[in-house]
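Numbering (the working numbering), first residue to last: 80 to 877.
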């Protein structure tokens, strides 16, 4: 409302101006329930409450913090600078006031505080003291600063919960002093320090919860830097000491049995809190390191399992991060690294967390927690699981100074969202994660075997090397980016025979031009000359190969023709002279044997009136066998290409049998009998006399016809076992085996017949097979539904 007075009306009597009320002042009244809002309700879990108290010890320049967990209380003690009575009254009891924030915290603190003098403070919100209320109902604080007596403060937190109408400042707190720390807690402090004894605990601290506290504390102070040993946290839980010792004994026994590494994780509660993450990640992961210097230069270094890949420099594109000492390391863990991580850390890399933010050396919670996606990586990953890295793939840290605009919130976001925080997120996304992705996703993942590799050896292979060369070449050619260094053992000219050679050379040509590296330029030019020489040589070789191929094709054609002519039995229009003479000789030889045999028999008859039956049988058998040879030789005489049918040869027996059946036996088969053959195309080479094989086939075909068959079938297969053998099934659709035979095997004996024949055909078959080391079997079972007659099995070993 305006306080301006209005002029009097010109009509009527003049009105009286009313008097304005006097200005008064007012002030906020603060309810005692504020304690809950900035304490128990603000701190989401007990771990965060402990974090806040440990941060206070760190800011008090403590070198050591003890967290002692007893059944009825928790003690958090440090050897820091402590507080005087004035500090307690003016600072600790001043709700939401932070001397750290207004710069007066260390105004009178003169002794050496080491490297942390200018590093800022882990906490600066002025509410960390209410973490005690989250943990227990009562607090007893002993604290002593240099030159002052020990101050003893007692707080009964339930008093603030009795009546919310009561103002917080009207509840009195006991403040006393002593000459020294009590003996029970003196061991945890030095000449100065602070001890918080929190009693009437609000929750149970069992072993599982203590192990969880230990794990979270290990991530509280930047575990990614090796120079954090000047601040140590020690957990003491006497109730868990026996179990710890038991686990140590079991581990020692297992180590002695060489089935476990001494570096593997042990779930121990007691002892100093340590974090071996640097040892786990070093030389086992692919990492990108980005920092922004005070002079505005952003440097990126990419390493793969201990080997530098490249280093670049560029102007800092994020003005909001100037003066923050931005320093980031992000690590990608392949399957091999994740297995080592789980074994050493006791949790999977995903459960450990993702990219943490450390402000003034202390973790900003909950950034980096497995459920947190402050950098938007999980959301982005959902849009391309094979193109983007997610929080499950990465572990890392971002270190910043606590400058204005990068402030912690007491809420659940970690950092108060400002333009500087937005630049921080973008820098991590663009300069860390995406540059790591270009290497891991576009190169490492394309080599499916690399995921189980603990070193970068596969990145030296030609295909990967060519892709890395292309990546670095693109970086070098990007405006505003200076390539400082790269790995010449990977960025190289790959083998000329590799499919990646051409692309690798082109990338190196671009890289050489961008960097002006004369040695690289010389190598590229040398390779280009070599390529031109190879192209000329290759053209000449192509012409020579073409000519050679044409010549080879002609030779192959001639060889094929020659092989066709030289098959065992191929039909021909006429006989050559040598073949006629050879067959004529064979027929004369066998006929002479018959003539001589008849002559010998007649001589015996002249000398004796009678001959025994077995003598007649033997004589007739010999005559029959020679006659078979004459018939077979005569049949050969109708074919050309085979000259030595009676001599031993080394050839493919299966091919010969097939050829003989198709080209000889089928032609001379009795009228009305169809001769068929099939063969599995496997080589079966051995020695044999072709004319004897012909006798076997001819006799089997003749027997089939005598049994009234219209079809006889030969099936050839190779049995491959301990000893290779040619197995021939011979079957027909005739009358089958005669029931008058005493046994099937008797049909193979000399002179046994169930027809009007001589009884010598099967006997000759067995005679030939025996000479080859084989056998003949008579099978009473039909070969098939169509071939229900006689069934024989011939076996010839290789």
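C-beta: ideal position from N, C-alpha, C; glycine also. Predicted model only: the values in this text are computed from it and were never measured.
Query	Result
Suppose the cutoff is 6 Å on Cβ atoms and the five residues either side in sequence are ignored; what does the same chain contact list for residue 380 look like?	368 and 390
If I follow the unbroken alpha helix (DSSP H) through residue 511, where does it start and stop?	Here residue 511 belongs to no alpha helix (DSSP H), and DSSP marks it neither H nor E.
For residue 436, I'd like the list of residues in its chain whose CB is within less than 6 Å of its CB, leaving aside the five on either flank, ordered along the chain.	443, 446 and 477
Select from 399, 430, 384 and 424 the residue whose C-alpha is nearest the C-alpha of residue 411.	384
To which residues does DSSP link residue 730 through a beta bridge?	765
Give the single residue among 818, 691, 698 and 562 whose Cα lies nearest to the Cα of residue 680.	698
Assuming residue 222 and residue 216 make a contact with CB atoms under 8 Å, what is their CB distance in whole Å?	Actually they do not touch by this definition, with Cβ atoms about 20 Å apart.
Report all residues from its chain with a CB closer than 7 Å to the CB of residue 214; omit the five preceding and five following residues, and keep chain order.	125, 128, 153, 277, 280 and 281
Classify residue 502: buried if its beta carbon has 16 or more other beta carbons within 10 angstroms, exposed otherwise.	buried
Work out the CA separation of residue 474 and residue 174 for me, nearest whole Å.	37 Å
Considering only residues of the segment 775-813, which uninterrupted alpha helix (DSSP H) runs meet the minimum length of 4 residues and lie entirely inside it, listed in chain order?	none
Whole alpha helix (DSSP H) runs in the segment 505-570 with 4 or more residues, listed along the chain?	513-519 and 541-555
So residue 133 is in the alpha helix (DSSP H); what residue range does that whole segment cover?	125-138
Would you say residue 158 and residue 283 are within 9 Å of each other, going by their C-beta atoms?	no
Please tell me whether residue 314 and residue 551 are closer than 9 Å, where the distance is taken between their beta carbons.	no
With 9 Å as the threshold, decide whether the Cβ of residue 738 is near any Cβ in chain B.	In the structure shown, chain B cannot be found, because there is only a single protein chain.
Helix, strand or coil for residue 859 per DSSP?	coil
Could you say which of 553, 770, 455 and 165 lies nearest to residue 256 if we only look at CA atoms?	165
Using the three-state DSSP reduction, which class does residue 441 fall into: helix, strand or coil?	strand
Buried or exposed, going by whether 16 or more other CB atoms sit within 10 Å of the CB of residue 107?	exposed
Only counting runs of 4 or more residues, tell me where the alpha helix (DSSP H) segments fall wholly within the segment 352-418, in order along the chain.	356-360
Between which two residues does the beta strand (DSSP E) containing residue 898 stretch?	For residue 898 there is no data in the structure shown, the boundaries of the chain being 80 and 877.
For the segment 449-457 against the segment 409-426, do three or more pairs of beta-carbon atoms, one drawn from each stretch, fall closer than 8 Å, so that the two count as touching?	no
Going by CA-CA distance only, name the one from 144, 803, 791 and 112 that's closest to residue 246.	112
Quick one: Cα of residue 224 to Cα of residue 259, how far?	11 Å
Going by the beta-carbon positions, is the gap between residue 441 and residue 137 smaller than 9 Å?	yes
Based on the DSSP secondary-structure assignment, which residues constitute the bridge partners of residue 147?	154 and 315
Using the C-alpha atoms, what's the distance from residue 574 back to residue 301?	45 Å
Between residue 480 and residue 372, how many whole angstroms is the CB-CB distance? I'm expecting something under 8 Å.	With a Cβ gap of about 13 Å, residue 480 and residue 372 do not count as contacting.
Provide the residue(s) that pair with residue 257 in DSSP beta bridges, ordered along the chain.	229
Using the rule of at least 16 other Cβ atoms within 10 Å of the residue's Cβ for burial, across every protein chain shown, is residue 535 buried or exposed?	buried
With 16 as the cutoff for other CB atoms within 10 Å, does residue 798 come out buried or exposed?	exposed
Would residue 104 be called buried (16 or more neighbouring beta carbons within 10 Å of its own) or exposed?	exposed
Should residue 235 be labelled buried (16 or more other beta-carbon atoms within 10 Å of its own) or exposed?	exposed
Distance check for residue 530 and residue 425, CA to CA, integer angstroms please.	21 Å
I need the DSSP call for residue 487, collapsed to helix, strand or coil.	strand
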